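Per the numbering used here, numbering of the sequence shown is gapless, rising by one per residue and ending at 1046. We treat Cβ as the ideally placed atom computed from N, Cα and C, and that holds for glycine. The structure presented is a predicted model; accordingly, all values stated were derived computationally and were not measured. The structure appears right after this line, and notes come after that.
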Amino acid sequence: MSQTVQGVIAPAKGAPVELVDIVVPEPGPGEAVVKVDACGVCHTDLHYREGGIGNEFPYLLGHEAAGVVESVGGGVDGVEPGDLVILNWRAVCGQCRACSRGRPWYCFDTFNAQQKMTLDDGTELAPALGIGAFAAKTLVHAGQCTKVDPAVPATAAGLLGCGVMAGLGAAINTGGVERGDTVAVIGCGGVGAAAVAGAHLAGARRIIAVDIDARKLEKARELGATDTVDATSQDVVEVVKELTEGFGADVVIDAVGRPETWQQAFYARDLAGTVVLVGVPTPQMTVELPLLDVFGRGGALKSSWYGDCLPSRDFPMLVDLYLQGRLPLDAFVTETIQIGDVEAAFDKMHAGDVLRSVVVL
Ligand SMILES: NC(=O)c1ccc[n+]([C@@H]2O[C@H](COP(=O)([O-])OP(=O)(O)OC[C@H]3O[C@@H](n4cnc5c(N)ncnc54)[C@H](O)[C@@H]3O)[C@@H](O)[C@H]2O)c1
Ligand SMILES: [Zn+2]
Ligand SMILES: [Zn+2]
């Protein structure tokens, strides 16, 4: 039997979000219905609302979530009702050209639920990143459910479903930060702050946080930054070099995603170092560089999709580190809010007042 629950939709491009009744079908083969316990408000939800990602309105927003499996369809053996799961937006297929070469974190054919959730009148909803978790319950592909230790609070666990995983993974997976490395992170919002925490966890000896907002720099220090750079008054490249014996950092992570921040990352990096782009640029943005600098500085220029995470490998591991007190996920939760407060949370995000607002259900 299908169920009717409340959910937050973006009805049309640029329009405020609305709390409405949505119909969640019984899970079909390979699908699961999850009772959502917590869902973080991510920049990408705002991008959907503004029409920056697609034009398939109405969207069912929310994609950074944890909850409990309520029911599963036929052929599902990885999770069962009662499991605490983090929802992921990259359920790997196991068969595409990336998966078959043993690189499933690049999977090019990830799974989502086949059936659609709808409005009361039958209008089909497009769930954000194939999840749609600003809702009491949501329908997903069972592969989007990653089981974790039920001792973790859902507010902390859900963060691993998007922004915090993207930042941690940019440092640990894509950047390959190791014990003893020097690291700079440009932009310390939710994603960049998580990259700072990731560099700390990996044993970086120097972690330089860069932002234009003093509140973000203070938070970055709490999460392990050894030095901070105020990009409104300081020359980012010069200061990063000064702090690294004149050489530049081994790994520089751009968690803003603008041409000027990416160029700072490029030149604030030591010879043979690594640049990781995790902030998402817009289609209009371009960079121009002397090709000789690209050659002469060597190293690697990488982009990080979802922190190059493999949910089945990374989520349970990071939850275990949280439970040991080694990964301060609670520090990312600035506030918990009700499901009707998503629009207000977008305003706070826009003003830079929060790392994460988390809807609790
Ligand atoms: N690659 C992925 O898989 C992935 C996943 C989630 C989010 N993202 C992207 O990561 C980016 C950051 O997301 P977020 O949630 O942290 O956003 P956010 O708005 O919370 O953080 C951005 C931070 O950058 C700072 N900033 C802005 N301009 C700056 C500049 N010129 N120099 C230094 N700092 C500057 C802001 O003060 C803010 O603290 C976004 O582009 C988002 O879309 C990427
Ligand atoms: Zn695949
Ligand atoms: Zn997100």
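Query, Result
"Would you mind giving the Cβ-Cβ distance between Leu1040 and Thr1019, rounded to the nearest angstrom? I have them listed as a contact below 8 angstroms.", "5 angstroms"
"For a minimum of 3 consecutive residues, which ranges assigned as the beta strand (DSSP E) are wholly contained in the stretch 910 to 990?", "912 to 915, 934 to 939, 954 to 962, 985 to 988"
"For the beta strand (DSSP E) that Ser687 lies in, which residues bound it at each end?", "Per DSSP, Ser687 belongs to no beta strand (DSSP E) and is neither H nor E."
"In three-state DSSP terms, what is Glu907?", "helix"
"Excluding the five sequence neighbours on either side, which residues of its own chain have a C-beta within less than 7 angstroms of the C-beta of Glu755, listed in chain order?", "Val718, Val719, Lys720, Pro766, Lys822"
"Could you check what DSSP says for Ile738 in three-state terms: helix, strand or coil?", "coil"
"Tell me the DSSP secondary structure of Ala798 in three-state form.", "coil"
"Determine, using beta carbons only, whether Ala878 and Leu1008 come nearer to each other than 8 angstroms.", "no"
"Which ranges does the alpha helix (DSSP H) cover as unbroken runs of at least 4 residues, wholly within the stretch 774 to 845, from first to last along the chain?", "839 to 844"
"Using a Cβ distance threshold of 8 angstroms, determine whether the stretch 765 to 780 contacts the stretch 747 to 754, with at least three qualifying pairs required.", "yes"
"Answer with buried or exposed for Glu923, where buried requires no fewer than 16 other C-beta atoms within 10 angstroms of its C-beta.", "exposed"
"Output the residues surrounding ligand 3, defined as those with a CB atom closer than 5 angstroms to any ligand heavy atom, in chain order.", "Cys727, Thr729, Cys847"
"Measure the CB-CB distance between Trp682 and Leu995 and report whether it falls below 8 angstroms.", "Outside the displayed range of the chain (686 to 1046) lies residue 682, so it cannot be described from this structure."
"Is any heavy atom of ligand 1 found at a distance shorter than 7 angstroms from the C-beta of Ile938?", "no"
"For His885, collect the residues of the same chain with a Cβ closer than 7 angstroms to its Cβ; drop the 5 residues on either side in sequence, then sort them by chain order.", "Ile892, Leu908, Gly909"
"Leaving out the 5 sequence neighbours to the left and right, which residues in its chain are closer than 6 angstroms to Tyr744 when beta-carbon positions are compared?", "Ala695, Tyr733, Ala811, Ala813"
"CA-CA distance, Phe951 and Asp1038?", "29 angstroms"
"Counting Cβ pairs closer than 8 angstroms, one from the stretch 727 to 742 and one from the stretch 791 to 806, do we hit at least three?", "no"
"Decide yes or no for the touch test of the stretch 779 to 786 against the stretch 707 to 718: beta carbon pairs closer than 8 angstroms, at least 3 of them.", "no"
"With hydrogens ignored, establish whether the beta-carbon of Ile871 is closer than 7 angstroms to any heavy atom of ligand 1.", "yes"
"With hydrogens ignored, establish whether the beta-carbon of Asp805 is closer than 7 angstroms to any heavy atom of ligand 1.", "no"
"According to DSSP, is Val849 part of a helix, a strand, or is it coil?", "helix"
"According to the Cβ coordinates, are Gly1049 and Leu853 closer than 8 angstroms?", "Outside the shown range of the chain, which is 686 to 1046, sits residue 1049, and nothing can be said about it."
"Between the Cα of Gly807 and those of Ile871, Val709, Arg864, Ala818, spot the shortest distance and give me the residue it belongs to.", "Val709"
"At a cut-off of 7 angstroms, is Lys926 close to ligand 1 when judged by its beta-carbon and the heavy atoms of the ligand?", "no"
"Please report how far the alpha carbon of Gly843 lies from the alpha carbon of Leu824, in whole angstroms.", "16 angstroms"
"Between Cys873, Ala1016, His826, which lies nearest to Ala916 when the distance is taken from Cα to Cα?", "Cys873"
"When you compare the CB positions of Thr967 and Lys987, do they come within less than 8 angstroms of one another, or not?", "no"
"Among residues of its own chain, excluding the 5 on either side of Ala889, which ones have a beta-carbon nearer than 6 angstroms to its beta-carbon?", "Val862, Asp866, Val868"
"Distance, Cα to Cα, Glu903 vs His728?", "21 angstroms"
"How is Gly883 classed by DSSP in three states: helix, strand or coil?", "helix"
"Let me check one thing: in DSSP terms, what residues is Ala717 bridge-paired to?", "Val757, Val825"
"Taking 7 angstroms as the line, does the beta carbon of Val965 fall inside it for any heavy atom of ligand 2?", "no"
"Nearest to Thr687 by alpha carbon, out of Pro701, Gly758, Trp947?", "What sits at residue 687 in the sequence shown is Ser, not Thr. Of the candidates Pro701, Gly758, Trp947, the one whose C-alpha sits nearest the C-alpha of Ser687 is Gly758."
"Near Cys847, what residues of its chain come up, given a Cβ to Cβ distance below 8 angstroms and the 5 sequence neighbours on each side ignored?", "Gly725, Cys727, Thr729, His748, Glu749, Trp774, Leu814, Tyr991"
"Can you tell me whether Arg1041 is helix, strand or coil according to DSSP?", "strand"
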